[in-house]
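Asks: A single structure is presented below for examination.
There are 2 protein chains.
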Amino acid sequence: MSAANFADRLVDACASKGGPVCVGLDPRWEDLPSAIRRSHGEDLEGRAAAFLEFNRAVLGIVAPLAPVVKPNVAFFEALGAPGYRCWLDTVAAAREAGLLVIGDVKRGDLGSTAEAYAQAHFDVAGCDALTLHPYLGLDSLEPFLRRCREGGRGVFLLVKTSNPGSADLQDLEVGNLRVFEEVALLVRGWAAGPGLAGRSGWSSVGAVTGATHPAEVALLRRMLPGVPFLVPGYGAQGGTAADCAGAFDAAGRGAVVNSSRGILFAWRKGPLAERHGEARWERAVEEATLEMRAALAAALPRGA
Amino acid sequence: MSAANFADRLVDACASKGGPVCVGLDPRWEDLPSAIRRSHGEDLEGRAAAFLEFNRAVLGIVAPLAPVVKPNVAFFEALGAPGYRCWLDTVAAAREAGLLVIGDVKRGDLGSTAEAYAQAHFDVAGCDALTLHPYLGLDSLEPFLRRCREGGRGVFLLVKTSNPGSADLQDLEVGNLRVFEEVALLVRGWAAGPGLAGRSGWSSVGAVTGATHPAEVALLRRMLPGVPFLVPGYGAQGGTAADCAGAFDAAGRGAVVNSSRGILFAWRKGPLAERHGEARWERAVEEATLEMRAALAAALPRGA
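Protein chains in written order, with numbering that gives the first Met the number 0: chain A, 0 to 303; chain B, 0 to 303.
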């Protein structure tokens, strides 16, 4: 018996929450509200407890407004064993709040090691979807794809990332195509495999394509019909709603757009910081989420 | 003040331990000696305690015989928070035993996330070197390279992996070169950056190239003088000492060869299993390490 297809769940969640906003849960000790920092020790244990308090507060604010959160495990691993415990607790708290969870783990390994990572982040942590490196090829993805087919999970494969250094390898010209376009062709084939498409028509195999490269986002949308996109780089990294519009199909579907710092730390700088400041940081987080939802709604195709 | 260069430490350790054997610490519950399994519970906590007991026993056996161990964090993450604690304890135990530790983490992310991963696995876990994905380019490596230059750490970038699926992307023909050769050219430039070469002449930026592709190993050695190789795929995956010989320079330097299952679980099948069996599993682990060291010594260039 198989669980509901991930892509279908993503489409439904975007519709019910009023837009494709993904909130990146990337906590940093230095940036936490000082009231939270003061109530915990500065050692790894204390910082991890502060992360969890902050994450839970953020989840409570964004759960009615956004379909998906994307915690990045790196920030948790940086706090050692207490941090890893906090990773698991944060994923669980997000699911309890009714949010889909894209675990931003960017794993990529082979054989039984890939199986171990799938156990770690699907079976034990309980993420709904994961980001993965495609460099090791299809057999390295198979343990994850099995859980997409049988367990209602999803994956987002790195195609074109949002950082400047993405040009080093991803943009290399190789005949008529660049490396990331070759990767996109592989992803297209893998995403069309049996048992991956939902009733919505979208595959549970998606692609990561950064908002900081809008021309490439639009190109990839044309190359990859039916492949959902995770679009990072909105906000603090410079991507705008208009930059993301090309990620969507004519019905305004097929992508989620992630903002991390621009939402979590909206109270630290910019207009929302001036209006609310640290004392009302929750209000700034809420307004930043609403503003992003509105900006995307204005920039996106209207749909059916 | 900077710590001793990683490549120099690796060259010295290979010389003092009599060869370039890297023992892969990839514990699996099903494969542990039953005496160890019986003394722990089957829940995640119990399995993690069993992993640590097994790892410590293996480290005690191989520390006099091998310069390096390579634990793969995936097997630890698969046991949730107790597993992650065991990861940190295993790295610490290996360093206490006088072994260099290559943390096989295969991370690859950007900006502050890359910094967080470097904190997690260099600063907190204490690994001497890490395996990394190069797909996101040079800026994604910078937090790790800073610790190579200033902290005596090393990295091994994935170039050509040992699995069959490595052909999907890595072997794509792009003009006159394949994708992994393009990656190798990038690695060559990055490895030649300031502050990375040791007095041995080797860089603290290395490459991963699987023993299962001996022609590619030899090609990459010619392309990448001064870049140390981590060669997985020996033993259980099918690579032989002869397959690895091309990874070394004329002096028999410049690579370490990894075996995981072939050493850890030598007592489960094959000639050493017949000779020793589970009751003397430690003896089988020791002999498998000695056999691999001897096989490499016989296959390698003699050196100066």
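From the three backbone atoms N, C-alpha and C, an ideal C-beta is built for every residue, glycine too.
Note that the structure is a prediction, hence the values are computed from the model and not measured.
Who are the neighbours of B:S341 on chain A, taking C-beta pairs under 7 Å?
Replies: Any answer about residue 341 of chain B is impossible in this case: the structure gives chain B only from 0 up to 303.
Asks: Can you tell me which of the three DSSP states A:C126 falls into?
Replies: Of the three classes helix, strand and coil, the one that applies to A:C126 here is coil, per DSSP.
Asks: Whole beta strand (DSSP E) runs in the stretch 86-153 of chain A with 3 or more residues, listed along the chain?
Replies: DSSP runs (the beta strand (DSSP E)) wholly in the stretch 86-153 of chain A: 99-106 and 128-131.
Asks: Determine which residues of the stretch 30-58 of chain A have a Cβ less than 7 Å from any Cβ of chain B, and write them out in chain order.
Replies: So nothing in the stretch comes that close.
Asks: Check whether the Cβ of B:V104 lies closer than 8 Å to any heavy atom of the ligand FMN, and answer yes or no.
Replies: Absence of the ligand FMN is noted for the structure shown, with no ligands found whatsoever.
Asks: Is the beta carbon of B:F121 closer than 9 Å to that of B:R152?
Replies: Yes, they are a contact pair.
Asks: List the residues of chain B whose Cβ lies closer than 8 Å to the Cβ of A:N162, in chain order.
Replies: By Cβ distance, chain B contributes L109, G110, L135, G136, D138 and S139.
Asks: Under 8 Å, with one C-beta from each stretch per pair, do the stretch 123-136 of chain A and the stretch 149-166 of chain A reach the 3-pair mark?
Replies: Yes, since at least three Cβ pairs between the stretch 123-136 of chain A and the stretch 149-166 of chain A fall closer than 8 Å, the two stretches touch.
Asks: Which runs of the alpha helix (DSSP H) spanning at least 4 residues fall entirely within the stretch 149-198 of chain B, listed in chain order?
Replies: As far as the stretch 149-198 of chain B is concerned, its whole alpha helix (DSSP H) runs of at least 4 residues are 165-169 and 178-190.
Asks: Between which two residues does the beta strand (DSSP E) holding B:P70 run?
Replies: Taken as a continuous stretch (DSSP letters only), the beta strand (DSSP E) holding B:P70 covers V67 to P70.
Asks: Between which two residues does the beta strand (DSSP E) carrying A:L229 extend?
Replies: It spans F228 to V230 - the beta strand (DSSP E) in which A:L229 sits, taken as one unbroken run.
Asks: Can you give me the Cβ contacts of B:A303 inside the same chain, cut-off strictly under 6 Å, excluding the 5 residues immediately before and after it?
Replies: The pLDDT assigned to B:A303 is 42, lower than 50, so where the model puts this residue is not dependable; a value taken from the coordinates is nonetheless given after this. Same-chain partners within the cutoff: A250.
Asks: Would you give the residue range spanned by the alpha helix (DSSP H) that A:G261 belongs to?
Replies: Where A:G261 is concerned, the enclosing alpha helix (DSSP H) stretches over R260 to L263.
Asks: Any C-beta of chain B sitting closer than 9 Å to the C-beta of A:F247?
Replies: Output row for A:F247: interface = no.
Asks: Output the distance between the C-alpha atoms of A:P227 and A:A183, rounded to the nearest integer angstrom.
Replies: Going from the Cα of A:P227 to the Cα of A:A183 covers about 12 Å.
Asks: Verify whether the separation of the beta carbon atoms of A:S139 and B:L135 is less than 9 Å.
Replies: For A:S139 and B:L135, no; Cβs fall outside 9 Å.
Asks: Counting only C-beta atoms, is B:D25 closer than 9 Å to chain A at any point?
Replies: Yes, contact with chain A.
Asks: Tell me which same chain residues have a C-beta within less than 6 Å of the C-beta of A:A196, skipping the five on either side of it?
Replies: Here the set comprises S202.
Asks: Between A:R94 and chain B, is any beta-carbon pair separated by less than 9 Å?
Replies: Chain B contact via Cβ: absent.
Asks: In whole angstroms, give me the CA-to-CA distance for A:M0 and A:E149.
Replies: Residue placement at A:M0 is flagged as unreliable, the pLDDT there being 44, under the threshold of 50; a coordinate-derived value is accordingly withheld.
Asks: Relative to the C-alpha of B:P66, which residue among B:L271, B:G107 and B:R292 is closest?
Replies: Ranking B:L271, B:G107 and B:R292 by Cα distance to B:P66 puts B:R292 first.
Asks: Rounded to a whole number of angstroms, what is the C-alpha to C-alpha distance between A:K69 and A:R177?
Replies: About 28 Å.
Asks: Across the stretch 55-63 of chain B and the stretch 274-289 of chain B, are there enough close Cβ pairs to call them in contact, namely three or more that are closer than 8 Å?
Replies: Yes, the stretch 55-63 of chain B touches the stretch 274-289 of chain B.
Asks: Quick one: give me the first and last residue of the alpha helix (DSSP H) that B:G45 is part of.
Replies: Per DSSP, B:G45 belongs to the alpha helix (DSSP H) from L43 to V61.
Asks: Among the residues of its own chain, which have a CB less than 7 Å from the CB of A:F5, if the five just before and after it don't count?
Replies: So the list reads D127, A128, C147, G151, R152, G153 and S203, once near-sequence residues are dropped.
Asks: Using the C-alpha atoms, what's the distance from A:E215 back to A:N175?
Replies: So the alpha carbons of these two residues sit roughly 15 Å apart.
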